[in-house]
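A short worksheet on the structure shown next.
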């Protein structure tokens, strides 16, 4: 199947993100014996040799690397399992049908090992669906998710389930290890599986970050944290750790994020893991905000229009990416589920990108 690189031991698509690459293939990851990272009390969920991984990827792909693909290639990353594949394939189709040059679109899909067969079928279905009316096809690459240690998975599933148990899985933390998955890339656009692209994302991908580590749209409500407190709107107590920095800053939503991968390294990953453990809420979005609050480039809401919240008609008409964050305050409501409570217009936008066959299940 053109455009699909299969997961094999020799493939850099694999990237062996679960391990540092040895000379003869993959070896098990080097993990610390204790949950907390030595002297500075930062947790290490998975202690891996990122430098070795980067070197291995360069050795396998060459200096320019198959993953780099040139400055004109738009790189978009998704992560998930079979529970969200229905939304993922619709998002991928919408992205491919609206991008200005599909041949220069490179979609990366991060899945755990158990879901690789279904993911391969999803990609084959994706290409069959596009081939019916589109000559140029994007490239799709599968990446195996970083496996977390058993005690960390136990912590995720027992201590952090809350209202969203479907997030307690390794792929939820994929944004913490982006430099591991994509060692040859300078930037990547992250899109959640519950997004639909209505317009070309190339301008977003190519925007000038002006030195910021990432670009994202403010989360709802789009108000500085200090003002939210004064209005009696709930604010996570973890933000108190940031001192004056947090009062004038707005939280960002992590569903659509343009990441500068040059700013990601082992230290950033350790900080994200620490905030994840220390703040004990909201999974990775809160940790990302704790690390990058006040430093990110603010995106216009059109690049991440969060549905389920009120928007003026002109904002809805100008939307470039719809994000089905939940309706009526229920974050588990997704447009592919029965009895969804989204508006008819929003459901029509989603259904326009649903594949004609369910061959990925």
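Numbering (our numbering), first residue to last: 61 to 421.
The C-beta atom is built at its ideal place from N, Cα and C for all residues, glycine as well.
Legend entry - Cβ-based neighbour list, residue 150, same chain, cut-off 6 angstroms, excluding 5 preceding and 5 following: 413 and 414
Inset, instruction - Using the DSSP secondary-structure output, state which residues sit across from residue 320 in a beta bridge. - result: 247
Inset, instruction - Kindly indicate the opening and closing residues of the beta strand (DSSP E) around residue 277. - result: 274 to 278
Inset, instruction - Please say whether residue 298 and residue 240 have beta carbons closer to each other than 9 angstroms? - result: no
Legend entry - Residues sharing a beta bridge with residue 138, DSSP: 169
Legend entry - Rounded straight-line distance, which links the Cα of residue 194 to that of residue 310: 40 angstroms
Legend entry - Burial state of residue 303, where buried means 16 or more other Cβ atoms lie within 10 Å: exposed
Legend entry - Beta-carbon proximity check, residue 506 vs residue 231, cutoff 9 angstroms: The first residue shown for the chain is 61 and the last is 421, placing residue 506 beyond what the model contains.
Inset, instruction - With DSSP as the reference, label residue 381 as helix, strand or coil. - result: strand
Legend entry - Where residue 412 falls: helix, strand or coil (DSSP): coil
Legend entry - Contacts around residue 319, its chain only, beta-carbon distance under 7 angstroms, and the 5 residues preceding and following it disregarded: 238, 247, 248, 250 and 274
Inset, instruction - Would you check if the segment 168 to 184 and the segment 134 to 150 touch, i.e. whether three or more CB-CB distances between them fall below 8 angstroms? - result: yes
Inset, instruction - Compute the Euclidean distance between the alpha carbons of residue 354 and residue 378, then round it to the nearest angstrom. - result: 26 angstroms
Legend entry - Per-residue DSSP class, three states only, for residue 428: One cannot answer for residue 428 here, as it falls past the ends of the chain, which runs 61 to 421.
Legend entry - Three-state class that DSSP yields for residue 366 in the structure shown: strand
Legend entry - residue 357 - partner residues in DSSP beta bridges: 275
Inset, instruction - Closer than 6 angstroms by C-beta to residue 345: which residues in its own chain qualify, once you throw out the five before and the five after it? Chain order, please. - result: 314
Legend entry - residue 154 and residue 258 closer than 9 angstroms at C-beta: yes
Legend entry - Reference residue 268, options 293, 157 and 358, closest by Cα: 358
Legend entry - Three-way DSSP call (helix, strand, coil) for residue 253 in this model: coil
Inset, instruction - Starting from residue 335, follow its DSSP beta bridges and name the residues at the other end. - result: Looking at the DSSP assignment, residue 335 forms no beta bridge with any residue, so it has no partner.
Inset, instruction - Compute the minimum distance between the beta carbon of residue 403 and the heavy atoms of the ligand GTP, and state whether it is under 8 angstroms. - result: The ligand GTP is absent from the structure shown, which contains no ligands of any kind.
Inset, instruction - Just mark residue 405 as buried or exposed, buried being the case when its beta carbon has 16 or more other beta carbons within 10 Å. - result: exposed
Inset, instruction - Using only alpha-carbon positions, find the residue among 205, 198, 197 and 200 that is nearest to residue 174. - result: 205
Legend entry - Under 9 angstroms between C-beta atoms of residue 416 and residue 361: no
Inset, instruction - Could you tell me how far apart the beta carbons of residue 255 and residue 381 are, in whole angstroms, since I believe they sit closer than 8 angstroms? - result: 5 angstroms
Inset, instruction - Indicate whether residue 176 and residue 202 have their beta-carbon atoms separated by less than 9 angstroms. - result: yes
Inset, instruction - Classify residue 313 as helix, strand or coil using the three-state DSSP reduction. - result: strand
Inset, instruction - Please determine, among 370, 399, 401 and 317, the residue with the shortest C-alpha to C-alpha distance to residue 352. - result: 317
Legend entry - Start-to-end residues for the alpha helix (DSSP H) that takes in residue 180: 176 to 191
Inset, instruction - Mind checking which residues open and close the alpha helix (DSSP H) that includes residue 398? - result: That residue, residue 398, is in no alpha helix (DSSP H); it is neither H nor E in DSSP.
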